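To start, the structure under review is shown below, and the notes come after it.
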Amino acid sequence: MANAVASYDQLAHQVEALRKENSHLRRELEDNSNHLSKLETETFGMKVSDEAPAAPGGVELDDRLALPPSSCSSSSSVAAVSRSRSPLRASSRQSAASGGEVSAVMLPHHFLDGAPPKTAVISGADGRLSDHHLEELYKERNLLLGEIDREERERCWYFSQLETLSQRLAQLPRIDAFSLQMDLIRQQLELEVQRVRSVMEERFGTSDEMVQRTQVRRLVKLCL
């Protein structure tokens, strides 16, 4: 009886940890959802105008800014977090059933495997924890992690646009004489840099806020 209650308490603690993490991830996604419509509109506006004159020496503006966020192949930050997440600690305590009481053991399982954890039903005076309840929690967790992965890909795409624009600015030839053509190109590139940074801040928050979210995710991971 004591072992069954201890196993139940341990699983209940794990479920509560999952609930807290899901709640935090859901709030984080809700904060970003208000900007999705504006993001889709402004993404298309970030392409450098084709009417801008080409720079001398073959330096001209291309259409890389029109690439969709999915073209970014780097999602190392989320992948590293996903790989570092360990499965819920399995209960190692087993006891023989006595007096109609049923103990439970959670088998080793990783939530990224795509299948719910295999857990026996616990029944007794303290209530019942079913496979279905844990399965729903894992589905919700995987969904939230997928949204975070897409957010990281979008952020990676924006950083690549900033890098491209910075390279364009650096490639502009330095000339002593005033050139209206070069001045227009430089101003346009600088405006695009400001626009990308403004959209990034509105979409993901300031740099301090992004760092704070990363730290909170790490703390949530340590709770499991």
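Residue 116 in full-length UniProt numbering sits at position 116 of the sequence shown, with consecutive numbering throughout.
Even for Gly, the Cβ is constructed at its ideal location relative to N, Cα and C.
Quantities reported herein were computed from a predicted structural model and do not represent experimental measurements.
Task: L145 and L219 closer than 9 Å at C-beta - done: Here residue 145 refers to the residue found at position 145 of the sequence shown. Here residue 219 refers to the residue found at position 219 of the sequence shown. Not in contact: L145 and L219 (Cβ atoms no closer than 9 Å).
TODO: Flag this pair as touching only if the stretch 138-153 and the stretch 163-174 have three or more C-beta atom pairs under 8 Å; answer yes or no.
DONE: no
- [ ] Give the C-beta separation of R217 and N22 to the nearest angstrom, bearing in mind that I take them to be a contact with Cβ-Cβ under 8 Å.
- [x] For the purposes of this step, residue 217 is taken as residue 217 along the sequence shown, with counting starting at 1. For the purposes of this step, residue 22 is taken as residue 22 along the sequence shown, with counting starting at 1. Rounded, the Cβ-Cβ distance is 13 Å, inconsistent with contact.
Task: Sub-9 Å separation of E192 and L165 beta-carbons - done: If you number the sequence shown from 1, residue 192 lands on position 192. If you number the sequence shown from 1, residue 165 lands on position 165. Yes. Within cutoff.
- [ ] Taking F204 as the reference, give the member of D9, E30, Q14 with the closest Cα.
- [x] Counting from 1 along the sequence shown, the entry for residue 204 is found at position 204. For F204, the nearest C-alpha among the options comes from E30.
Task: Rounded C-alpha distance that separates R197 from L143 - done: Translated into the one-based positions of the sequence shown, residue 197 becomes position 197. Translated into the one-based positions of the sequence shown, residue 143 becomes position 143. Approximately 28 Å between the Cα atoms of the pair.
Open item on the list: Under DSSP, the alpha helix (DSSP H) around R174 begins and ends at which residues?
Closed with: For the purposes of this step, residue 174 is identified with residue 174 of the sequence shown, where counting begins at 1. Neither: R174 is in no alpha helix (DSSP H) and is coded neither H nor E.
TODO: Pick out the complete alpha helix (DSSP H) segments inside the stretch 164-212, 4 residues or longer, and give them in chain order.
DONE: 180-204
- [ ] Compare the beta carbon distance of L169 and R153 with 9 Å and say whether it is the shorter of the two.
- [x] Taking the first residue of the sequence shown as 1, we reach residue 169 at position 169. Taking the first residue of the sequence shown as 1, we reach residue 153 at position 153. No. Outside cutoff.
Open item on the list: Suppose the cutoff is 6 Å on Cβ atoms and the five residues either side in sequence are ignored; what does the same chain contact list for L189 look like?
Closed with: Within the sequence shown, numbered from 1, the residue matching residue 189 stands at position 189. The answer, listed in chain order, is L165, R168, L169.
- [ ] Inspect the beta-carbon positions of L18 and L137 and report whether they are closer than 9 Å.
- [x] To locate residue 18, count along the sequence shown from 1; it is residue 18. To locate residue 137, count along the sequence shown from 1; it is residue 137. In contact: L18 and L137 (Cβ atoms closer than 9 Å).
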